[in-house]
Ligand SMILES: [Zn+2]
């Protein structure tokens with residue numbers, strides 16, 4: 001019965017987007033082209049389905065993450081080598097809150113872990129499993145994901161996912 005009831009058809013409307021586009025500064029994935037990073041070959045290989053890193057031709061150190069200068073001998077005679085796509089869960093935890101900027105509530109909970117690939121250990125998100133599903137030593141395999149926005153670049157990143165095993169210990 002208030003006066004404004006009669007004006008509903010003429011009110012301005014504002015809308016809130018379902019997803020808010022992030023400014024570049026809040027996008028925590030690295031830009032991946034040769035213009036943007038000297039380790040672009042890592043991302044080029046990942047886009048092609050290969051997980052790689054740098055190995056020093058001089059002292060044979062293998063690095064992770066990939067480097068442009070060897071942290072062992074300070075040489076820059078490096079080459080990209082393939083890493084295994086399968087490894088063992090070395091340790092893991094679950095993120096339930098306190099999300100990094102760029103993630104939203106529908107992302108939680110998610111599992112992060114350290115994966116032992118043999119030559120190197122690396123930290124990664126573990127998809128397709130909850131904390132309760134996992135045990136240290138579980139076999140996991142590489143999963144490459146494509147990143148949507150907020151740039152026009154085709155970007156990828158790596159995660160891991162439990163490997164199908166028939167040992168019957170997990171459901
Ligand atoms: Zn070296």
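Numbering (full-length UniProt numbering), first residue to last: 1 to 171. C-beta: ideal position from N, C-alpha, C; glycine also.
Query                                                                                                                            : Result
Segment contact flag, the region 113-132 with the region 50-64, C-beta cutoff 8 Å, min 3 pairs                                   : yes
Boundaries of the alpha helix (DSSP H) in which residue 46 is found, first to last residue                                       : 40-47
Beta-carbon contacts of residue 90 that lie in its chain and below 8 Å, excluding the five residues immediately before and after : 113, 114, 115, 116, 121, 136
Environment of residue 55 [buried if 16+ CB atoms lie within 10 Å]                                                               : buried
Residue 138 beta carbon near ligand 1 (any heavy atom closer than 6 Å)                                                           : no
Near ligand 2: residue 72 beta-carbon under 6 Å from a heavy atom                                                                : Absence of ligand 2 is noted for the structure shown, with ligand 1 being the only ligands found.
Spatial distance of residue 164 from residue 12 (CA atoms)                                                                       : 54 Å
Exposed unless 16 or more other CB atoms sit within 10 angstroms - verdict on residue 142                                        : buried
Residue 98 (DSSP reduced to helix, strand or coil)                                                                               : coil
Span separating the alpha-carbon of residue 44 from that of residue 134                                                          : 31 Å
Residue 161 beta carbon less than 7 Å from that of residue 138                                                                   : no
Contact test: residue 75 Cβ vs ligand 1 heavy atom, cutoff 6 Å                                                                   : yes
Residue range of the beta strand (DSSP E) that includes residue 53                                                               : 52-56
Stretch-stretch touch, CB-based, cutoff 8 Å, three pairs: the region 37-52 with the region 79-94                                 : yes
Cβ-heavy atom distance, residue 34 to ligand 1, below 6 Å                                                                        : no
Cβ-based burial, residue 59 [other Cβ within 10 Å; buried from 16]                                                               : exposed
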